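Here is the structure we will look at, set down as structure tokens.
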Amino acid sequence: MLYRPHMNADKRTNSRASISRNLLNRFYTLTFEAELQLSGVPLSPLADLCARSLLPKSYFSGISIEDIKGRDPVDLSLETTGAEKPKAHELLYIGATTYEDKEAFQDGEPSPFHLHLYSDFESYPNELHIAHRTRLECSRELPYPPYLAAFVCPGSLFALRFGFERYEPVRPIAFFGPSPTVVEQICIDGDTESVQIRITSERIPRKGELPFQGLELIQKLHALLSSKYSFDFIKSLTTY
10 MLYRPHMNAD KRTNSRASIS RNLLNRFYTL TFEAELQLSG VPLSPLADLC ARSLLPKSYF
70 SGISIEDIKG RDPVDLSLET TGAEKPKAHE LLYIGATTYE DKEAFQDGEP SPFHLHLYSD
130 FESYPNELHI AHRTRLECSR ELPYPPYLAA FVCPGSLFAL RFGFERYEPV RPIAFFGPSP
190 TVVEQICIDG DTESVQIRIT SERIPRKGEL PFQGLELIQK LHALLSSKYS FDFIKSLTTY
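Just so you know, we're using our numbering here: the sequence shown kicks off at 10 and counts up by one.
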């Protein structure tokens, strides 16, 4: 074995982090998993953060994005009843039960609502980068911006998926030039009972440093998870 990872298990949240030195470059590789039991706390604050803050609002308009790709469609850690499975690489999924219109609201007949934000391969702009195009699919037309879906129907939200892979130019072997390679990944899966978070990063410069540097993703997640779900995310992420 090239390394012996140091692991920490948080009994309250079932979290575990491990870190190892990559002998081929100057970075460490971090692997992190956590499961939070919601215990009556709604899923909607986390879903709203993912839709409105962790993803740029422009993603919902069908734009070209560079060096970012949605999570693999077969990478599902929760099988939630009523949730739709992804058809492509997926950045966000929200499943809820809502009223289609005012008439349905008056009659008291809610129906399932599904929102998918996909990323489809577009091109290689050059040998160092890869581009994908975002694509929004909703089960019905919305009278409000799609990134507000979790905010508008908080009480009826029953499923959340969020995640993406981040690329950087990497030289695999000294004789070859660099090419876009996945170096970091995050996946969040949630239902009405629990939330699962998985992170892999090959770009940790020093022990104790956070992944996804420059994106403020970890800091935003920590602020919400600590205030709404009593989970010290950063401490769990940096305790090996």
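We put the beta carbon where it would ideally sit given N, CA and C, even for glycine. Fair warning: this is a prediction, and the values are worked out from it, not measured in the lab.
Contact set for Ala232: own chain, Cβ-Cβ below 8 Å, skip 5 residues either direction: So the list is empty, once near-sequence residues are dropped.
Would you check if the region 136–155 and the region 118–126 touch, i.e. whether three or more CB-CB distances between them fall below 8 Å? In short, these stretches touch, since the Cβ pair count reaches three.
By a C-beta neighbour count over all protein chains shown, 10 Å radius and 16 as the cutoff for buried, is Leu101 buried or exposed? Result: buried.
So, for Val192: in the same chain, excluding its five sequence neighbours on each side, which residues have a beta-carbon less than 8 Å away from its beta-carbon? Within the same chain, Val192 has close Cβ partners Arg175, Tyr176, Glu177, Val179, Ser210, Glu211 and Arg212.
Helix, strand or coil: which one does DSSP assign to His138? Reduced to three states, the DSSP call for His138 is strand.
Check whether the Cβ atoms of Ser73 and Glu131 lie closer than 8 Å to each other. Contact: yes.
Rounded to the nearest angstrom, how far is the Cβ of Arg207 from that of Phe41, given a contact under 8 Å? Between the beta-carbon of Arg207 and that of Phe41 there is about 7 Å, and that keeps the pair under the 8 Å contact cut.
From the DSSP output, which residues share a beta bridge with Ser306? Since the displayed the chain opens at 10 and closes at 249, residue 306 lies outside it and no answer follows.
In whole angstroms, what is the alpha-carbon distance linking Ser239 and Ser48? Going from the Cα of Ser239 to the Cα of Ser48 covers about 11 Å.
At the level of alpha carbons, what is the spacing between Leu55 and Ser29? C-alpha separation (whole angstroms): 30 Å.
Buried or exposed for Leu33, going by 16 or more other Cβ atoms inside 10 Å? By the 10 Å Cβ count, Leu33 comes out exposed.
Assign Leu52 to buried or exposed, taking buried as 16 or more other Cβ atoms, counted over all protein chains shown, within 10 Å of its Cβ. Buried: at least 16 other Cβ atoms inside 10 Å.
What are the residues that DSSP puts in a beta bridge with Leu252? For residue 252 there is no data in the structure shown, the boundaries of the chain being 10 and 249.
I'd like to know whether the C-beta atoms of Pro121 and Thr106 end up nearer to each other than 8 Å. Yes, the pair counts as a contact, with Cβ atoms nearer than the cut-off.
Are there 16 or more other CB atoms within 10 angstroms of the CB of Gln228, so buried, or fewer, so exposed? It is exposed - the Cβ of Gln228 has fewer than 16 other Cβ atoms within 10 Å.
Restricting to Cα atoms, I'd like to know which of Ser235, Lys237, Gln194 and Leu234 is closest to Asp76. Closest option to Asp76, Cα to Cα, is Gln194.
Roughly how many angstroms separate the alpha carbons of Pro152 and Thr190, rounded to a whole number? Going from the Cα of Pro152 to the Cα of Thr190 covers about 39 Å.
Cα-Cα separation, Ser235 to Ile103: If you take the alpha carbons of Ser235 and Ile103, they lie about 22 Å apart.
Have a look at Tyr133 and Gly186 and give me their C-alpha separation to the nearest angstrom. Roughly 15 Å between the two C-alpha positions.
Do you know how far the Cα of Ala92 is from the Cα of Phe221? Cα to Cα, Phe221 sits roughly 28 Å from Ala92.
Please give me, in chain order, every unbroken run of the beta strand (DSSP E) with length at least 3 that falls completely inside the region 169–227. Unbroken beta strand (DSSP E) stretches of 3 residues or longer found wholly inside the region 169–227: 188–200 and 203–213, given in chain order.
Buried or exposed, going by whether 16 or more other CB atoms sit within 10 Å of the CB of Ile139? Around the beta carbon of Ile139, 16 or more other beta carbons lie within 10 angstroms, which makes this residue buried.
Taking the alpha-carbon positions, what's the Glu225 to Leu63 distance? Roughly 8 Å between the two C-alpha positions.
Helix or strand or just coil, what does DSSP make of Phe130? Strand.
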